[in-house]
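Okay, so here's the structure we're looking at.
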Amino acid sequence: MYKGSKILAIVTARGGSKGLPGKNIKMLNGKPLIMWTLSRILDSRLVDKVFVSTDSREIADVCEQGGVKVPGLRPAYLATDGASSMDVLEYTIQELEKAGEEYDYMLLLEPTSPLRKKDDIDNMIRLAGDNPARDGVISVGKVHLEHPSIIKKISSEGCIVPYAPAQPSVYQRQQHDEALFPYGVGYLIKISVLKEKHTIYTDNVIPYYIERWQNYEIDDIYDFKCIEAIMQMEKEMEEDEA
Numbered sequence: 004m005y006k007g008s009k010i011l012a013i014v015t016a017r018g019g020s021k022g023l024p025g026k027n028i029k030m031l032n033g034k035p036l037i038m039w040t041l042s043r044i045l046d047s048r049l050v051d052k053v054f055v056s057t058d059s060r061e062i063a064d065v066c067e068q069g070g071v072k073v074p075g076l077r078p079a080y081l082a083t084d085g086a087s088s089m090d091v092l093e094y095t096i097q098e099l100e101k102a103g104e105e106y107d108y109m110l111l112l113e114p115t116s117p118l119r120k121k122d123d124i125d126n127m128i129r130l131a132g133d134n135p136a137r138d139g140v141i142s143v144g145k146v147h148l149e150h151p152s153i154i155k156k157i158s159s160e161g162c163i164v165p166y167a168p169a170q171p172s173v174y175q176r177q178q179h180d181e182a183l184f185p186y187g188v189g190y191l192i193k194i195s196v197l198k199e200k201h202t203i204y205t206d207n208v209i210p211y212y213i214e215r216w217q218n219y220e221i222d223d224i225y226d227f228k229c230i231e232a233i234m235q236m237e238k239e240m241e242e243d244e245a
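Here the sequence shown is numbered in the working numbering, starting from 4 and rising by one per residue.
Structure, rendered in structure tokens:
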């Protein structure tokens, strides 16, 4: 809780993954991927409840072994490729409210974005609490190589053309304006706003800036290996500083 607001952290973890089968419990630098996210939540002093939404008994077992109880699996219709994260979030909030549990903010944390600093979660919550007129806070990182002004597509004639022709053409990264992407370190939104607008991306959400090395999300084995290397490098740097 922060400034009287109760915080619900929801971790969404499907069992199926086409890009990297079993990724949510794949061992990453000594522990299952999902436990990197749960460990950060357990370190938080401001989160009031953590709820893992999964369709996999295997994932649920790993969470419970790590100290996070999973009361049940999500319904089958929320485990299909067509089910959106918003469907899962709204269902979870409704079920908790039926059980008499109500919260002011919902914090979505995706296991596929494990590169969180120890204080990221509480810093996001404080930022939201210190800006009560805003709907919420979303983590964003600066886009580097894939800036909108240089992204291309293939035309109907088979030629390379600008993806967004209205964007001014630039040829050096230093000429780019700032482009940001909502990487999955955290998505924090007022539950009242979520229920009313059915989105976390309102025009009244403020940014929480993350560092360059936190921009990675796991979709396939290449992402996994990159994050594995980053974690090892960060660990070595911390040991050198100690």
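Where a beta carbon is used, it is the ideal one built from N, C-alpha and C, also for glycine.
Query                                                                                                                           : Result
Segment limits, alpha helix (DSSP H) that includes K238                                                                         : 224 to 244
Assumed close pair I37, V65 - CB separation to whole angstroms, cut-off 8 Å                                                     : 6 Å
Closest Cα partner of I213 within the set T202, K193, M127, S47                                                                 : M127
Start and end residues, alpha helix (DSSP H) containing I96                                                                     : 88 to 101
Which listed residue (D46, A16, I28, Y80) has its alpha carbon closest to that of M55                                           : Before going further, note that residue 55 is Val rather than Met in the sequence given. With distances taken between Cα atoms, V55 lies closest to A16.
Assigned exposure category for T95 - 16 Cβ within 10 Å defines buried                                                           : buried
Beta-carbon proximity of I10 to L49, cut-off 7 Å                                                                                : yes
Residue range of the beta strand (DSSP E) that includes K52                                                                     : 52 to 57
Integer Cβ distance of Y3 from L191, believed to fall under 8 Å                                                                 : Residue coverage of the chain in this structure runs from 4 to 245, which leaves residue 3 outside it and unanswerable.
Selected residue, minimal CA-CA separation from G189, among D123, E105, E67, M30                                                : D123
Alpha carbon of E244 to alpha carbon of E237, nearest angstrom                                                                  : 11 Å
Per DSSP, cross-strand counterpart(s) of M109                                                                                   : L11, I192
K21 versus T57 - alpha carbon distance                                                                                          : 16 Å
A131 (DSSP reduced to helix, strand or coil)                                                                                    : helix
Rounded separation between E119 and L112 - CA only                                                                              : Looking at the sequence itself, residue 119 is Arg, so the reference to Glu does not match. Distance between the alpha carbons of R119 and L112: 10 Å.
Contacts around T205, its chain only, beta-carbon distance under 7 Å, and the 5 residues preceding and following it disregarded : D138, V196
S42, enclosing alpha helix (DSSP H) - first and last residue                                                                    : 36 to 46
Neighbour-count burial assignment, V164, 16 or more Cβ in a 10 Å radius                                                         : exposed
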